[in-house]
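**Q** Each residue of the sequence shown is one higher than the one before, starting from 167 at the first, in the numbering used here.
Glycine is no exception: its CB is placed at the ideal position from the N, C-alpha and C atoms.
These numbers were taken from a predicted model, which means no experiment stands behind them.
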Amino acid sequence: MKTVVIIQARMGSTRLPGKVMMKLCGKTVLEHVITRVKQAKEIDDIIIATTVQGDDNFIVEESKKLGVKFFRGSEEDVLSRYYYAAKENDADIVVRITSDCPLIDPKRVDEIIRFYKKYKYDLVTNAGADLSQRTYPRGLDTEVFSFEELENAYIEAKKDYQREHVTPFIYENSTNIFYYKNDIDYSKHRWTLDTEEDFELINRIYEELYNGKHNFYLEEVLELFKRQPNLFNINNYIEQKKL
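1. With DSSP run on the structure shown, which of helix, strand or coil describes Arg300?
2. Which residue marks the beginning of the beta strand (DSSP E) containing Ala215, and which one marks its end?
3. Given that a residue counts as buried once 16 or more other Cβ atoms are within 10 Å of its Cβ, and exposed if not, what is Val387?
4. Here's a check: name, in chain order, each residue in its chain whose Cβ is nearer than 7 Å to the Cβ of Pro268, leaving out the five neighbours to either side.
5. Run through DSSP, which three-state label would Val290 get?
6. Using 10 angstroms around the beta-carbon of Lys185, count the other beta-carbons present and answer buried if the total reaches 16, otherwise exposed.
7. Runs of 3 residues minimum, wholly inside the stretch 185-248: which ones carry the beta strand (DSSP E) assignment?
8. What is the DSSP secondary structure of Ile350, reduced to helix, strand or coil?
9. Tell me whether the beta-carbon of Arg181 lies closer than 9 Å to the beta-carbon of Thr217.
10. Please state whether the Cβ-Cβ distance between Lys273 and Tyr383 is less than 9 Å.
11. For Ser312, count neighbouring Cβ atoms within 10 angstroms of its own Cβ and tell me buried if that reaches 16, exposed if not.
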């Protein structure tokens, strides 16, 4: 069973264009995401799923520099892009991570993959469509599902929003989804990169914790917030975009 992480990335962004190529401590956001994901032990391959748009040549070149495979597909039909990236790379298990999560935690990625392999749900996530089930900070989002589930969504999804995003069809049509939860609810934390305020916060976190190595994870970032509680005020009023 081949487990493939597919990281969707593009330069276009309505709120923060070019965000994946912004620099944190001298390295791009995309490089930090890839470096952190590479620490996961339960994965076999990493694919950057970007678009055929000219602006995304930057992402292709960054992927080449980092020695990571890439796939180019539709900008608008993200489900199609994701499906063909998985198919071309013989994925059996698909792990969905987005490129705007430079604090993604490989330990939690491994936990969720192991849980998925053991219990055989259609989809296991620490994020998901039901926001009331979220207990992890936004920015550690991980979804795990089979290639068969992805293929079925690719074939059956007809509505625009189901194709502009990867997993809505699965959430709407499966009764076998598991929300992987933390013992303590940290969902009030926003560690994803969508706005200038998000970047300010994440940049501060990197300045405090990054020493050239990615050896800080959920626990270490939470400890930083305990020491510097004002960090929470930088972006806590930002609303997540709706589908």
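**A** Per the coordinate set shown:
1. Under the three-state reduction of DSSP output, Arg300 falls in the coil class, being neither helix nor strand.
2. 211-217
3. Answer is buried; the Cβ neighbour count reaches 16.
4. Leu190, Val195, His198, Val199, Leu359, Ile368
5. strand
6. buried
7. 211-217, 235-239
8. coil
9. no
10. yes
11. buried
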